[in-house]
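Engineer: In my numbering, the protein residues as written are 17 to 351.
Just dropping this structure here.
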Ligand SMILES: [Zn+2]
């Protein structure tokens, strides 16, 4: 998905039999898809993915010139979960009122650091001072301060600051200074998101329901239809619906995770104009006397696939029946 337009510009369909396992499919498909885009001459500057270790390795070793970013939403969500779990312990219950602001602080650190990893870490780690009620501090001879406005005496008195020696503070500090987290944060400096891709994966289920089995060509064609549908309806220029008076339409919904009512925009109805366009092009092609049709040819290239996804060879029907009946009758024969 192109980040600026939210249009899907390429896809790879893999069958599990093409890789050694379903886990191994991801790096295989990723590399293939990226190569295809690069071979088209598209200049890829930044790629945002999840934190899958094998993708990290591919990016680090094979594409060091492309910036690799992670979605802050996933990382912030994971951190929030850890903090909630810690605050459920009796000795760390003072963390509970801070969960939301710490998560917001992570977002803020990512979205304001403008690509500077060092600055992002400095902003994130300033939390260890602020949360104890200290808003100016010294580090290696340099004086730093929080970015927020000065707090009133009343605010400074009533906020539930953590004591530096409390188990809550120690638990939080060890979570926020976790080396893996600090490493991940350095790849979140551009504040890139993958949420729109999840919207697509959800919509893909309409064309490829998981309960139905499709052969490779059908699966590929269905993916293509889903992409055309997405590109027509979910790019960045989709408009918010408006009322008769011309005001933007919104809906108020209850969010389960935050336990809050929030206002969400209502978009204009989706359209399926691509279908008309597709049918018209099929008919035009059919009527074109210069195009020769062969009933057996397929326009979808199918890679060489094994007949099934089994990891061991299929037994003969007789063998299968025999092993089934011997297993089934086994215990009764012993009686
Ligand atoms: Zn502060």
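By construction, the Cβ of each residue, glycine as well, lies at the ideal position given by its N, Cα and C atoms.
Taking the alpha-carbon positions, what's the residue 105 to residue 57 distance?
Structural biologist: For the purposes of this step, residue 105 is taken as residue 89 along the chain shown, with counting starting at 1. For the purposes of this step, residue 57 is taken as residue 41 along the chain shown, with counting starting at 1. Straight-line Cα distance between these residues: approximately 54 Å.
Engineer: How big is the Cα-Cα spacing for residue 277 and residue 145?
Structural biologist: In the chain shown, the residue the question calls residue 277 occupies position 261. In the chain shown, the residue the question calls residue 145 occupies position 129. C-alpha separation (whole angstroms): 33 Å.
Engineer: Within 10 Å of its beta-carbon, does residue 118 have 16 or more other beta-carbons around it, so buried, or fewer, so exposed?
Structural biologist: Along the chain shown, one-based indexing puts residue 118 at 102. Per the 10 Å Cβ criterion, buried.
Engineer: Between the alpha carbons of residue 21 and residue 179, how many angstroms are there, rounded?
Structural biologist: Locating residue 21 in the chain shown gives position 5, counting from the first residue. Locating residue 179 in the chain shown gives position 163, counting from the first residue. The straight-line gap from Cα to Cα measures roughly 47 Å.
Engineer: What's the gap between the Cα of residue 86 and the Cα of residue 126?
Structural biologist: Your numbering for residue 86 matches position 70 in the chain shown. Your numbering for residue 126 matches position 110 in the chain shown. Each residue's Cα considered, the two are about 11 Å apart.
Engineer: For residue 249 versus residue 210, is the C-beta spacing smaller than 8 Å?
Structural biologist: Within the chain shown, the letter at position 233 stands for residue 249. Within the chain shown, the letter at position 194 stands for residue 210. No, they are not a contact pair.
Engineer: Is it right to say residue 309 is buried, meaning 16 or more other beta carbons lie within 10 angstroms of its own, or is it exposed?
Structural biologist: The residue given as residue 309 occupies position 293 in the chain shown. It is exposed - the Cβ of residue 309 has fewer than 16 other Cβ atoms within 10 Å.
Engineer: Helix, strand or coil for residue 63 per DSSP?
Structural biologist: Within the chain shown, the letter at position 47 stands for residue 63. Strand, per DSSP.
Engineer: I need the straight-line Cα distance from residue 239 to residue 220, nearest angstrom please.
Structural biologist: Counting from one through the chain shown, the residue named residue 239 turns up at place 223. Counting from one through the chain shown, the residue named residue 220 turns up at place 204. The alpha-carbon atoms of residue 239 and residue 220 are separated by roughly 7 Å.
Engineer: In three-state DSSP terms, what is residue 276?
Structural biologist: Within the chain shown, residue 276 is the residue found at index 260, counting from 1. Of the three classes helix, strand and coil, the one that applies to residue 276 here is strand, per DSSP.
Engineer: In this structure, how does DSSP classify residue 298 when only helix, strand and coil are distinguished?
Structural biologist: Here residue 298 refers to the residue found at position 282 when the chain shown is read from its first residue. Here residue 298 sits in helix by DSSP.
Engineer: Might you give, ordered along the chain, the residues of its own chain that have their beta carbon closer than 6 Å to the beta carbon of residue 279, omitting 5 neighbours on each side?
Structural biologist: If you number the chain shown from 1, residue 279 lands on position 263. If we look at residue 279 and ignore the five residues flanking it on each side, its Cβ neighbours are 266, 268.
Engineer: Comparing C-alpha positions only, which one of 271, 103, 42 sits nearest to residue 27?
Structural biologist: As a position in the chain shown, residue 27 is number 11, starting the count at 1. The residue with the shortest Cα to Cα distance from residue 27 is 42.
Engineer: Less than 7 Å separating the Cβ of residue 121 from some heavy atom of ligand 1?
Structural biologist: Sequence index remark: in the chain shown, residue 121 carries index 105 (1-based). No; taking the cut-off as 7 Å, the Cβ of residue 121 has no heavy atom of ligand 1 nearer than that.
Engineer: Below 8 Å on the Cβ atoms is my guess for residue 128 versus residue 185; work out the distance and round it to an integer in Å.
Structural biologist: What you label residue 128 is simply residue 112 of the chain shown in a count that begins at 1. What you label residue 185 is simply residue 169 of the chain shown in a count that begins at 1. That belief does not hold up - the Cβ atoms of residue 128 and residue 185 are roughly 25 Å apart, past 8 Å.
Engineer: From the DSSP secondary-structure annotation, give me the bridge partner or partners of residue 288.
Structural biologist: As a first step, residue 288 is located in the chain shown; it is residue number 272 there, counting from the start. DSSP, once it has assigned bridges, lists no residue as partnering residue 288.
Engineer: Shorter than 7 Å, the distance from the beta carbon of residue 84 to the closest heavy atom of ligand 1, or not?
Structural biologist: Along the chain shown, read from residue 1 onward, the residue named residue 84 stands at position 68. No - ligand 1 has no heavy atom lying nearer than 7 Å to the Cβ of residue 84.
Engineer: Could you please give the first and the last residue of the uninterrupted beta strand (DSSP E) stretch that includes residue 153?
Structural biologist: In the chain shown, the residue the question calls residue 153 occupies position 137. It spans 152–155 - the beta strand (DSSP E) in which residue 153 sits, taken as one unbroken run.
Engineer: Buried or exposed for residue 91, going by 16 or more other Cβ atoms inside 10 Å?
Structural biologist: For the purposes of this step, residue 91 is taken as the residue at position 75 of the chain shown. Counting Cβ neighbours within 10 Å, residue 91 comes out buried, since at least 16 surround it.
Engineer: Does the contact criterion of 3 or more C-beta pairs under 8 Å hold for the region 40–54 versus the region 69–85?
Structural biologist: Yes, the region 40–54 is in contact with the region 69–85.
Engineer: Can you pull the DSSP bridge partners for residue 267?
Structural biologist: Here residue 267 corresponds to residue number 251 of the chain shown, with the count starting at 1. Per DSSP, 280.
Engineer: If residue 271 sits next to residue 19, beta carbons under 8 Å apart, how far is it from one beta carbon to the other, in whole angstroms?
Structural biologist: As a working note, residue 271 is residue 255 in the chain shown. As a working note, residue 19 is residue 3 in the chain shown. Rounded, the Cβ-Cβ distance is 25 Å, inconsistent with contact.
Engineer: Specify the secondary structure class of residue 24 as computed by DSSP and reduced to three states.
Structural biologist: If you number the chain shown from 1, residue 24 lands on position 8. Three-state DSSP puts residue 24 in coil, outside helix and strand.
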